[in-house]
Amino acid sequence: MTQSRTHTCNELRLSDAGAQVKLSGWMENFREVGASLGFVVLRDFYGTTQIVAETEEMVKLFREITKESTISVEGTVRERSAKNANLPTGEIEIVPEKVEVLGRCRFRELPFEINHSREADETARLRYRYLDLRNPAVKANMVLRSKVIAALRQSMTDHGFLEITTPILTASSPEGARDYLVPSRKHPGKFYALPQAPQQFKQLLMTAGFDRYFQIAPCFRDEDARGDRSPGEFYQLDMEMAFATQEDVFAVLEDVLPPIFAEYGLYDRASASPFQRIPYLEAMERFGTDKPDLRIDLEVTDATEVLSGCGFEPFAGNTVKAVVISDFKESRKVIEKTLAEVEVVAGNKAYWFRVDENQEIVGGIAKFVTPTKEKVIEALSLKSGDLVVLSAGALSAVQKTAGVIIKTFGPVVPGHMDKEQYTFCWIVDFPMYEIGEESGELEFCHNPFSMPSGGMETLLKAERGEIDPLQIKADQYDLVCNGIELSSGAVRNHDPEIMVKAFEMVRLGEEDVKAKFPAMYHAFCYGAPPHAGIAPGVDRMVMLLAGEESIREIIPFPMNKNAQDVMMGAPGPVEDKQLKELNIAVTKTEEEVSG
RNA sequence: GGCCCAGUGGCGAAGUUGGUUAUCGCGCCGCCCUGUCACGGCGGAGAUCAGGGGUUCGAGCCCCCUCUGGGUCGCCA
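Yeah, the first sequence ends on 595 if you go by the working numbering, and it's all consecutive.
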């Protein structure tokens with residue numbers, strides 16, 4: 001037989017019994033049952049098939065082959081005398097006639113066991129990622145990722161969007177994250193930058209007359225990693241629409257995402273269109289965060305009036321927020337443990353008391369609350385069985401802590417979280433400006449590309465002192481799913497005059513706009529359409545769908561937390577010759593100098 | 001950069017108030033086993049207990065420093 005295989009390892013069934021076949025794959029295991037009986041598990045991308053060795057010679061032959069070598073087996077399909085209902089191919093086995101080793105595994109012991117690689121040391125997994133990926137459970141996430149990306153691409157195309165690629169080598173952008181820079185050989189002292197996002201290109205495409213653009217876009221940001229944030233590079237489903245409003249963008253994603261989440265996700269329920277729209281300030285007030293997990297039914301109640309003067313020292317003169325958790329039946333130990341978690345994550349103390357079956361305030365800070373019991377019960381609408389968790393301090397810190405309380409207690413207390421679903425919401429009406437923490441002056445809150453709500457009129461009112469600049473909203477929105485921020489988007493500011501005015505609010509002007517965004521500013525002077533867009537993170541979506549806690553589980557070749565590829569050795573040293581060509585001074589490390 | 005957690009044969013873990021030869025499972029090697037499928041049985045090899053310093057009669061365990069990894073805050077228009 002000259003073919004390398006006639007079937008995959010997940011293909012043969014009882015009906016194939018008697019057929020002459022050739023299979024190729026990795027020798028996963030050899031179970032030796034006697035001097036002349038043994039069973040090989042042959043694995044390929046598709047599944048596994050059992051090979052039976054029933055002569056002394058055959059047993060000896062397989063015994064010599066190291067596990068994880070690739071082999072091909074020619075033989076006859078036969079019905080098993082002992083079937084395995086757990087395997088799709090469990091009714092048959094192959095009686096081999098010819099066995100060939102295709103790629104010998106040179107090691108008797110592997111860095112980890114393939115089928116248990118997820119339990120192994122992560123550095124070892126990343127260093128031997130090609131072995132880690134042999135694990136069907138690891139591989140499954142890559143298959144999922146591929147399917148989700150294909151589905152997104154198909155759906156966007158079906159919605160009339162055109163996929164257009166934009167440059168990877170481009171100019172450094174002055175705002176936002178740290179850029180990855182690439183030196184230029186032909187222009188000494190000058191640098192390309194890898195795009196943090198195709199933001200400006202997609203807006204230029206709108207100006208050029210493309211109506212609906214999208215791209216599975218690689219984005220590069222030199223910022224520190226998180227569990228849900230890969231260092232260095234990630235992918236966005238980047239999209240932009242001409243002559244579009246906020247609602248037009250919402251309508252597209254409300255149509256594209258839920259079916260894909262329901263089909264490919266861990267849970268088969270996903271929010272239907274329209275998603276809840278929650279103004280930013282309301283989200284902060286009700287959920288203590290701008291990325292609420294709507295699967296949790298807990299909300300924040302203000303308790304400043306009834307509790308700031310209760311005599312409990314940390315409350316004195318501070319804002320106090322309460323999260324009331326009804327039907328709380330867990331032990332005090334659970335409260336203390338969960339509270340400790342809250343304090344670690346929020347970096348802020350949290351306090352508690354509960355209402356017992358006799359409507360008495362007990363536990364935690366009860367003795368400070370009891371004197372004004374009736375007032376507190378009324379203000380917080382308390383009833384028997386309620387646990388009240390509190391935070392105190394300055395407004396923003398208190399809100400944040402309350403948000404962490406909701407997120408931490410929600411999954412722990414039975415009955416307050418309907419976990420198995422995807423809940424989407426839009427956070428809208430973000431403030432356009434804020435007072436910078438360092439500067440103490442007015443600054444852009446998010447990005448300067450967004451259209452101020454109400455356009456020029458609003459900015460002029462602020463300029464005339466008729467409204468507080470901090471009250472100005474931007475036509476900007478976040479898409480949140482299960483407490484994870486999937487994306488920011490906005491109706492863009494396509495008007496050069498409004499752009500300049502928006503910059504003047506933060507003490508900048510036309511020259512700054514031109515300097516920072518020369519192409520966009522000039523392009524908009526040639527007739528730009530109003531446009532809006534968004535860019536949901538592909539990696540985060542796949543993470544949600546796979547139910548993974550770490551973003552590295554859904555990236556084929558991830559870097560570690562320190563932005564290193566331990567398999568390829570990146571970043572790595574380069575030849576002096578390369579540096580000279582790039583007009584970069586050759587410097588020696590201390591080690592090289594002293595050594 | 002701050003804070004928290006972890007590092008013990010190839011892999012995953014245990015290791016008591018500090019006390020003799022560091023324990024268990026997987027894997028590896030050898031022998032046995034004719035229907036296994038997490039095969040089983042018997043035996044064996046394999047460890048500078050991350051590194052350095054200190055306390056002590058004695059350190060895997062206590063203290064200090066360093067390194068590595070993970071989480072988190074900062075950061076991420």
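Idealized CB from N, CA, C, for every residue including glycine.
Alpha carbon of residue i to alpha carbon of residue j, nearest angstrom
i	j	result
Glu11	Ile92	11 Å
Asp576	Leu42	48 Å
Ile484	Phe275	15 Å
Glu97	Ala35	18 Å
Val389	Gly317	18 Å
Val355	Ala137	46 Å
Thr304	Tyr433	27 Å
Arg80	Gly90	8 Å
Leu387	Phe107	58 Å
Ile114	Val77	27 Å
Pro518	Asp429	28 Å
Met206	Phe424	28 Å
Leu460	Met541	40 Å
Ala346	Thr48	48 Å
Pro111	Asp268	37 Å
Ile467	Phe503	17 Å
His187	Glu549	44 Å
Ile551	Pro558	8 Å
Ser384	Glu360	8 Å
Candidates the options, of which the one nearest residue i by Cα
i	options	result
Pro371	Ala251, Gly347 and Leu307	Leu307
Pro573	Val586, Gln3 and Val345	Val586
Glu553	Ser230, Gln50, Gly25 and Ser273	Ser230
Gln236	Met1, Tyr521, Gln196 and Ile296	Gln196
Gly436	His446, Thr2, Ile427 and Phe430	His446
Ala535	Leu169, Tyr192, Pro218 and Gly209	Pro218
Gly533	Gly176, Arg212 and Leu162	Arg212
Glu68	Glu100, Glu57, Asn86 and Arg104	Arg104
Ser4	Ala17, Leu14, Lys22 and Gly18	Lys22
Phe45	Gly25, Leu61, Val324 and Arg125	Gly25
Gln471	Arg332, Leu281 and Met543	Leu281
Ala251	Trp426, Arg63 and Asp495	Trp426
Leu144	Gln578, Leu545, Ala570 and Thr245	Leu545
Val33	Ser15, Met27, Leu14 and Ala53	Ala53
Val256	Pro167, Ile149 and Ile296	Ile149
Tyr454	Glu443, Gly440, Glu438 and Pro431	Rather than Tyr, the amino acid found at residue 454 in this sequence is Gly. Of the listed residues, the one whose Cα sits closest to Gly454 is Pro431.
Lys333	Gly309, Ser326, Gly364 and Asp327	Gly364
Residue i burial status per 10 Å Cβ neighbour count (16 or more: buried)
i	result
Asp293	buried
His116	exposed
Met568	exposed
Thr289	buried
Lys190	exposed
Phe261	buried
Val593	A caution first: Val593 carries a pLDDT of 48, below 50, which makes its placement in the model unreliable, though a value can still be read off. The residue in question, Val593, is exposed, as its Cβ has fewer than 16 Cβ neighbours within 10 Å.
Gln154	exposed
Residue interval of the alpha helix (DSSP H) (run including residue i)
i	result
Lys516	Glu510 to Lys516
Arg464	It is not in any alpha helix (DSSP H) - Arg464 carries neither H nor E in the DSSP assignment.
Asn141	Pro136 to Asp158
Gln578	Asp576 to Glu581
Gln203	Gln199 to Thr207
Val538	Val538 to Ala546
Glu119	Where Glu119 is concerned, there is no enclosing alpha helix (DSSP H), given that its DSSP letter is neither H nor E.
Arg129	Arg129 to Asp132
Range of the contiguous beta strand (DSSP E) that encloses residue i
i	result
Arg212	Arg212 to Arg221
Arg43	Leu37 to Arg43
Pro183	Tyr180 to Pro183
Val566	Run containing Val566: none; DSSP gives neither H nor E here.
Glu64	Counting along the chain, Glu64 falls outside any beta strand (DSSP E), though it belongs to the alpha helix (DSSP H) covering Glu56 to Glu64.
Ala322	Thr319 to Ile325
Thr89	No beta strand (DSSP E) contains Thr89, which DSSP labels as neither H nor E.
Ser72	Thr70 to Glu79
Exercise. In chain order, which beta strand (DSSP E) runs of at least 3 residues are fully inside the stretch 329 to 401?
Worked result: 351 to 355 and 387 to 393
Exercise. Fully enclosed by the stretch 471 to 513, which beta strand (DSSP E) runs are 3 residues long or longer?
Worked result: 476 to 481 and 484 to 491
Exercise. Which runs of the alpha helix (DSSP H) spanning at least 4 residues fall entirely within the stretch 255 to 309, listed in chain order?
Worked result: 280 to 287 and 304 to 307
Exercise. Counting only runs that start and end within the stretch 220 to 254, where is the beta strand (DSSP E) found for 3 or more residues in a row?
Worked result: 232 to 242
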